[in-house]
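Trainee: I am attaching a structure below and will ask some questions about it afterwards.
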Amino acid sequence: KPGDIVTAYNGKTIEVLNTDAEGRLILADALSYVSKHYDPAFIFDFATLTGAVLVALGHIATGIMGTDEKLIEKVKKSSVKTGEKVWEFPLWEEYCKQVQSKIADVKNMGAPMQAGTIAGGAFLKEFVGEGIPWCHFDIAGTAWGEKEKSYGPKAGATGNVIRLVLDFMGV
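In my numbering, the protein residues as written are 5 to 175.
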């Protein structure tokens, strides 16, 4: 409930301010677990994390952000090749400070009505292992479609960024 402080898998404490931002708590533990137990070359995560990405990008592009510019650039190249548009949001220090808490390590939301998509990414970044390249895909605006695409259904689940990931992986 609002005001609770919970401990994540990696030991960081989280101040819960918004109970509608509960999915990111689960994703935080998943990122921590993978970082610790699998020694990944990189991590991708996909989530309908924020309504704010829909405000920023609509249904046209998936918001991305991450910790490694080479990884992000490779994602962007696959985006161009597949036509599945992405837009990089910055994880600048000023944004990352917005998820710092005075009573816990982090809080599960940033400043109200400010850079909500970036705040979601900044929160998740706290749970990716040190030195592991990571890219978050906020698919809230692109996971479900109302318009027909040349390669997809007339409406419903889009499967957006699957082609991008397959291209990225060389499949």
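From the three backbone atoms N, C-alpha and C, an ideal C-beta is built for every residue, glycine too.
#1: Unbroken beta strand (DSSP E) runs of length 3 or more, entirely within the stretch 118-153: which are they?
#2: Using alpha carbons as the reference points, say which of 122, 127, 102, 126 lies closest to residue 115.
#3: Going by the CB atoms, is the gap between residue 32 and residue 1 shorter than 9 Å?
#4: Look at the Cβ atom of residue 20, then the Cβ atom of residue 106, and state whether they are nearer than 9 Å.
#5: Could you check where the alpha helix (DSSP H) with residue 27 kicks off and where it finishes?
#6: Closest to residue 92 by CA distance: which of 168, 83, 68 is it?
#7: Taking the DSSP output, what are the residues bridged to residue 51?
#8: Give me, in chain order, the residues of the same chain whose beta-carbon lies closer than 6 Å to that of residue 97; leave out the 5 immediate sequence neighbours on both sides.
#9: Opposite residue 91 in the DSSP bridges: which residues?
#10: Among 83, 28, 53, 11, whose alpha-carbon lies nearest the alpha-carbon of residue 164?
#11: Ordered along the chain, which non-local residues of its own chain (more than five positions away) have a Cβ less than 6 Å from that of residue 85?
#12: Determine the extent of the beta strand (DSSP E) in which residue 9 is found, giving its start and end residues.
#13: Looking only at C-alpha atoms, which of 124, 95, 15 sits nearest to residue 54?
#14: By Cβ distance below 8 Å, which residues in the same chain neighbour residue 235 in space, the five residues on each side in sequence not counted?
#15: List the endpoints of the continuous beta strand (DSSP E) containing residue 86.
#16: Run the CB neighbour count on residue 129, radius 10 Å, all protein chains shown included, and call it buried at 16 or more, exposed below.
#17: Would residue 169 pass as a contact of residue 48 if the rule is Cβ separation under 9 Å?
Mentor: Taking the structure as given:
#1: 138-142
#2: For the purposes of this step, residue 115 is taken as residue 111 along the sequence shown, with counting starting at 1. Checked all of 122, 127, 102, 126; the closest Cα to residue 115 is 102.
#3: The requested residue 1 does not occur in the structure, where the chain is confined to residues 5 to 175.
#4: Within the sequence shown, residue 20 is the residue found at index 16, counting from 1. Within the sequence shown, residue 106 is the residue found at index 102, counting from 1. No, Cβ-Cβ distance for residue 20 and residue 106 is not below 9 Å.
#5: Here the question's residue 27 lines up with position 23 in the sequence shown. Run containing residue 27: 27-41, per the alpha helix (DSSP H) assignment.
#6: In the sequence shown, residue 92 corresponds to position 88, counting from 1. For the residues 168, 83, 68, the minimum Cα distance to residue 92 belongs to 68.
#7: Within the sequence shown, numbered from 1, the residue matching residue 51 stands at position 47. Beta-bridge pairing links residue 51 to 142.
#8: Numbered from its first residue, the sequence shown carries residue 97 at position 93. No residues qualify anywhere along the chain.
#9: Residue 91 sits at position 87 when you count from the first residue of the sequence shown. Residue 91 is bridged to 67.
#10: As a working mapping, residue 164 is identified with position 160 in the sequence shown. Of 83, 28, 53, 11, the residue nearest in Cα terms is 83.
#11: Locating residue 85 in the sequence shown gives position 81, counting from the first residue. Result list for residue 85: 171, in chain order.
#12: Numbered from 1 along the sequence shown, position 5 holds the residue referred to as residue 9. Unbroken beta strand (DSSP E) run through residue 9: 9-11.
#13: Taking the first residue of the sequence shown as 1, we reach residue 54 at position 50. The residue with the shortest Cα to Cα distance from residue 54 is 124.
#14: Outside the displayed span of the chain (5 to 175) sits residue 235, for which this structure offers no information.
#15: As a working mapping, residue 86 is identified with position 82 in the sequence shown. Looking at the DSSP string, residue 86 is not in any beta strand (DSSP E); the run it does join, the alpha helix (DSSP H), is 73-86.
#16: For the purposes of this step, residue 129 is taken as the residue at position 125 of the sequence shown. With 16 or more Cβ atoms within 10 Å of its Cβ, residue 129 is classed as buried.
#17: Start at 1 with the first residue of the sequence shown, and residue 169 comes out as number 165. Start at 1 with the first residue of the sequence shown, and residue 48 comes out as number 44. Closer than 9 Å, so yes.
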